[in-house]
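This report concerns only the one structure given below.
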Amino acid sequence: MPVSEAFQPHLSVRGLSVRRGERLLFADLQFELAPGGVLLLRGPNGVGKSTLLLAVAGIVRADSGRIEGAEPTELHLVNYQSGLKGRLTVRENLKFWQAMNGATGLGLEAALDAVGIGGLGVLEAGYLSSGQLRRLALARLLVSARPIWLLDEPSAALDAEGEALLGQLIDAHRARGGIAVIATHHDLRLADPAGVETLLLGGVS
(Lines of atoms letter the chains of each structure in order from A; the text may use other names.)
(Lines give C-alpha, C1' and ligand atoms only; values in the text may rest on other atoms or scores of the structure.)
Protein backbone atom coordinates (compact mmCIF):
# COMPACT_ATOMS: atom_id res chain seq x y z
CA MET A 86 0.00 0.00 0.00
CA PRO A 87 1.49 3.37 -0.96
CA VAL A 88 2.35 5.69 1.92
CA SER A 89 -0.24 8.27 0.81
CA GLU A 90 -3.12 5.80 0.46
CA ALA A 91 -5.80 5.87 3.15
CA PHE A 92 -6.61 2.84 5.27
CA GLN A 93 -10.11 1.37 5.58
CA PRO A 94 -9.80 -1.17 8.41
CA HIS A 95 -12.55 -2.54 10.61
CA LEU A 96 -11.83 -4.53 13.76
CA SER A 97 -14.60 -6.38 15.57
CA VAL A 98 -14.25 -8.49 18.73
CA ARG A 99 -17.29 -10.34 20.03
CA GLY A 100 -17.68 -12.52 23.12
CA LEU A 101 -13.94 -13.01 23.59
CA SER A 102 -12.81 -15.15 26.53
CA VAL A 103 -9.27 -16.27 27.36
CA ARG A 104 -7.91 -18.48 30.13
CA ARG A 105 -4.38 -18.70 31.48
CA GLY A 106 -4.21 -22.20 32.88
CA GLU A 107 -7.18 -22.57 35.20
CA ARG A 108 -7.62 -18.82 35.57
CA LEU A 109 -10.14 -16.95 33.44
CA LEU A 110 -8.46 -13.68 32.48
CA PHE A 111 -11.47 -12.10 30.82
CA ALA A 112 -14.82 -13.20 29.49
CA ASP A 113 -17.27 -11.98 26.85
CA LEU A 114 -15.20 -8.96 25.80
CA GLN A 115 -16.75 -6.83 23.08
CA PHE A 116 -15.43 -3.92 21.06
CA GLU A 117 -15.54 -2.58 17.55
CA LEU A 118 -13.25 -0.06 15.87
CA ALA A 119 -13.77 1.83 12.62
CA PRO A 120 -11.10 3.77 10.68
CA GLY A 121 -9.38 6.30 12.94
CA GLY A 122 -10.49 4.54 16.12
CA VAL A 123 -8.31 4.00 19.19
CA LEU A 124 -8.99 1.62 22.07
CA LEU A 125 -7.03 2.05 25.30
CA LEU A 126 -6.74 -1.09 27.42
CA ARG A 127 -6.55 -0.18 31.10
CA GLY A 128 -6.27 -2.12 34.32
CA PRO A 129 -3.70 -3.37 36.84
CA ASN A 130 -0.92 -5.79 36.01
CA GLY A 131 -1.95 -9.35 35.30
CA VAL A 132 -5.54 -8.77 34.16
CA GLY A 133 -4.89 -9.72 30.55
CA LYS A 134 -4.12 -6.54 28.61
CA SER A 135 -1.09 -8.05 26.88
CA THR A 136 -2.90 -11.34 26.40
CA LEU A 137 -5.78 -9.55 24.69
CA LEU A 138 -3.37 -7.98 22.21
CA LEU A 139 -1.81 -11.38 21.54
CA ALA A 140 -5.25 -12.88 21.02
CA VAL A 141 -6.19 -10.20 18.49
CA ALA A 142 -2.85 -10.83 16.76
CA GLY A 143 -3.64 -14.55 16.58
CA ILE A 144 -0.68 -15.54 18.77
CA VAL A 145 -2.79 -16.61 21.76
CA ARG A 146 -5.82 -18.76 21.09
CA ALA A 147 -9.08 -17.52 22.59
CA ASP A 148 -11.29 -19.98 24.44
CA SER A 149 -14.38 -18.48 22.88
CA GLY A 150 -15.50 -15.53 20.80
CA ARG A 151 -14.88 -14.07 17.37
CA ILE A 152 -12.29 -11.65 16.02
CA GLU A 153 -12.97 -10.14 12.60
CA GLY A 154 -10.76 -7.86 10.54
CA ALA A 155 -7.48 -8.89 12.19
CA GLU A 156 -5.72 -10.49 9.24
CA PRO A 157 -2.00 -11.09 9.93
CA THR A 158 -0.97 -8.92 6.98
CA GLU A 159 -3.04 -6.04 8.38
CA LEU A 160 -1.43 -5.99 11.85
CA HIS A 161 1.60 -4.58 13.58
CA LEU A 162 2.31 -5.82 17.12
CA VAL A 163 4.87 -3.93 19.19
CA ASN A 164 5.40 -5.31 22.69
CA TYR A 165 8.16 -5.94 25.21
CA GLN A 166 9.49 -8.78 23.03
CA SER A 167 10.89 -6.41 20.44
CA GLY A 168 12.65 -9.05 18.35
CA LEU A 169 15.63 -6.73 17.92
CA LYS A 170 19.07 -8.28 17.53
CA GLY A 171 21.80 -6.64 19.58
CA ARG A 172 24.62 -7.67 17.23
CA LEU A 173 22.94 -6.10 14.21
CA THR A 174 23.07 -2.39 13.58
CA VAL A 175 20.02 -0.21 14.03
CA ARG A 176 19.63 0.01 10.26
CA GLU A 177 20.10 -3.74 9.77
CA ASN A 178 17.43 -4.49 12.36
CA LEU A 179 14.97 -2.18 10.67
CA LYS A 180 15.85 -3.55 7.22
CA PHE A 181 15.14 -7.09 8.46
CA TRP A 182 11.67 -6.13 9.68
CA GLN A 183 11.00 -4.19 6.50
CA ALA A 184 11.84 -7.31 4.47
CA MET A 185 9.61 -9.44 6.72
CA ASN A 186 6.60 -7.13 6.65
CA GLY A 187 6.95 -5.43 3.28
CA ALA A 188 8.48 -2.16 2.13
CA THR A 189 5.15 -0.38 1.96
CA GLY A 190 5.88 2.60 4.20
CA LEU A 191 8.73 5.03 4.73
CA GLY A 192 12.29 4.30 3.71
CA LEU A 193 14.74 3.18 6.38
CA GLU A 194 16.44 6.54 6.88
CA ALA A 195 13.17 8.46 6.85
CA ALA A 196 11.69 6.14 9.49
CA LEU A 197 14.73 6.45 11.75
CA ASP A 198 14.63 10.24 11.39
CA ALA A 199 10.91 10.22 12.18
CA VAL A 200 11.48 8.53 15.54
CA GLY A 201 14.48 10.68 16.43
CA ILE A 202 17.34 8.18 16.02
CA GLY A 203 18.44 9.05 12.50
CA GLY A 204 22.07 9.44 13.55
CA LEU A 205 22.31 5.95 15.06
CA GLY A 206 21.81 3.78 11.99
CA VAL A 207 25.32 2.25 12.01
CA LEU A 208 25.37 1.59 15.77
CA GLU A 209 24.82 -1.97 17.01
CA ALA A 210 21.39 -2.17 18.63
CA GLY A 211 22.91 -3.69 21.76
CA TYR A 212 24.40 -0.30 22.60
CA LEU A 213 21.07 1.53 22.55
CA SER A 214 19.39 2.76 25.71
CA SER A 215 15.95 1.42 26.65
CA GLY A 216 14.32 4.55 25.26
CA GLN A 217 16.25 4.31 22.00
CA LEU A 218 15.29 0.64 21.65
CA ARG A 219 11.66 1.63 22.06
CA ARG A 220 12.04 4.26 19.34
CA LEU A 221 13.57 1.64 17.04
CA ALA A 222 10.63 -0.66 17.70
CA LEU A 223 8.28 2.19 16.80
CA ALA A 224 10.19 2.74 13.55
CA ARG A 225 9.02 -0.73 12.50
CA LEU A 226 5.50 0.68 12.33
CA LEU A 227 6.62 3.21 9.76
CA VAL A 228 8.60 1.16 7.23
CA SER A 229 5.74 -1.27 6.60
CA ALA A 230 2.33 0.39 6.33
CA ARG A 231 -0.32 -1.70 8.08
CA PRO A 232 -3.73 -0.41 9.17
CA ILE A 233 -4.00 -1.97 12.65
CA TRP A 234 -1.47 -1.23 15.37
CA LEU A 235 -1.40 -3.36 18.53
CA LEU A 236 0.82 -1.56 21.04
CA ASP A 237 1.78 -2.92 24.45
CA GLU A 238 2.97 -0.13 26.79
CA PRO A 239 4.44 1.83 23.86
CA SER A 240 5.50 4.76 26.07
CA ALA A 241 7.60 2.54 28.37
CA ALA A 242 11.15 3.93 28.71
CA LEU A 243 10.33 7.00 26.62
CA ASP A 244 11.19 10.47 27.91
CA ALA A 245 8.79 13.41 27.59
CA GLU A 246 9.98 14.14 24.05
CA GLY A 247 9.50 10.49 23.13
CA GLU A 248 5.99 10.44 24.58
CA ALA A 249 5.08 13.49 22.49
CA LEU A 250 6.54 11.79 19.42
CA LEU A 251 4.49 8.65 20.12
CA GLY A 252 1.33 10.74 20.27
CA GLN A 253 2.19 12.35 16.95
CA LEU A 254 2.77 8.96 15.30
CA ILE A 255 -0.58 7.67 16.53
CA ASP A 256 -2.31 10.89 15.43
CA ALA A 257 -0.84 10.55 11.93
CA HIS A 258 -1.86 6.88 11.77
CA ARG A 259 -5.42 7.78 12.77
CA ALA A 260 -5.58 10.62 10.27
CA ARG A 261 -4.81 8.10 7.57
CA GLY A 262 -7.66 5.88 8.77
CA GLY A 263 -5.57 3.53 10.87
CA ILE A 264 -6.75 1.76 14.03
CA ALA A 265 -4.77 1.35 17.26
CA VAL A 266 -5.38 -0.92 20.26
CA ILE A 267 -3.06 0.19 23.04
CA ALA A 268 -2.38 -1.39 26.43
CA THR A 269 -1.10 1.41 28.64
CA HIS A 270 -0.89 2.65 32.21
CA HIS A 271 -0.11 6.16 30.98
CA ASP A 272 -2.14 8.93 29.41
CA LEU A 273 -1.21 9.31 25.76
CA ARG A 274 -0.69 12.75 24.26
CA LEU A 275 -3.19 12.56 21.41
CA ALA A 276 -4.36 15.67 19.59
CA ASP A 277 -8.01 14.63 19.25
CA PRO A 278 -9.81 12.61 21.95
CA ALA A 279 -12.74 11.94 19.62
CA GLY A 280 -12.86 8.30 18.66
CA VAL A 281 -10.72 7.23 21.62
CA GLU A 282 -12.41 4.56 23.74
CA THR A 283 -11.29 2.87 26.95
CA LEU A 284 -11.75 -0.76 27.94
CA LEU A 285 -11.11 -1.44 31.63
CA LEU A 286 -9.97 -4.96 32.43
CA GLY A 287 -10.42 -5.88 36.06
CA GLY A 288 -9.95 -9.60 36.24
CA VAL A 289 -12.54 -12.34 36.40
CA SER A 290 -12.82 -14.86 39.22
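In the working numbering, the protein residues as written are 86 to 290. Glycine included, C-beta positions come from ideal geometry on N, C-alpha and C.
- DSSP, reduced to helix, strand and coil, places residue 102 within a strand of the structure shown.
- Counting C-beta pairs closer than 8 Å gives fewer than three between the region 231-240 and the region 200-215, which falls short of the contact rule.
- Boundaries of the beta strand (DSSP E) around residue 283: 281-285.
- Straight-line spacing of the CA atoms in residue 199 and residue 224 works out to 8 Å.
- The region 181-199 and the region 124-137 do not touch, with fewer than three beta-carbon pairs separated by less than 8 Å.
- With contacts defined by Cβ atoms closer than 8 Å, residue 132 and residue 286 form a contacting pair.
- Annotation: the continuous alpha helix (DSSP H) that includes residue 135 extends over 134-141.
- In this chain, the alpha helix (DSSP H) harbouring residue 255 covers 245-260.
- Looking at the DSSP output, residue 237 bridges to 268.
- In this structure the region 251-267 touches the region 89-102; the number of beta carbon pairs closer than 8 Å is three or more.
- With respect to the 8 Å criterion, residue 99 and residue 115 are classified as neighbours on the basis of their beta carbons.
- The shortest CA-to-CA distance from residue 155 to any of 283, 271 and 235 is the one to 235.
- By the Cβ-count criterion, residue 258 is buried, with 16 or more other Cβ atoms from all chains shown falling within 10 Å of its own Cβ.
- Counting only residues of its own chain and dropping the five nearest sequence neighbours on each side, residue 273 has a CB closer than 6 Å to the CB of 252.
- DSSP, reduced to helix, strand and coil, places residue 112 within a strand of the structure shown.
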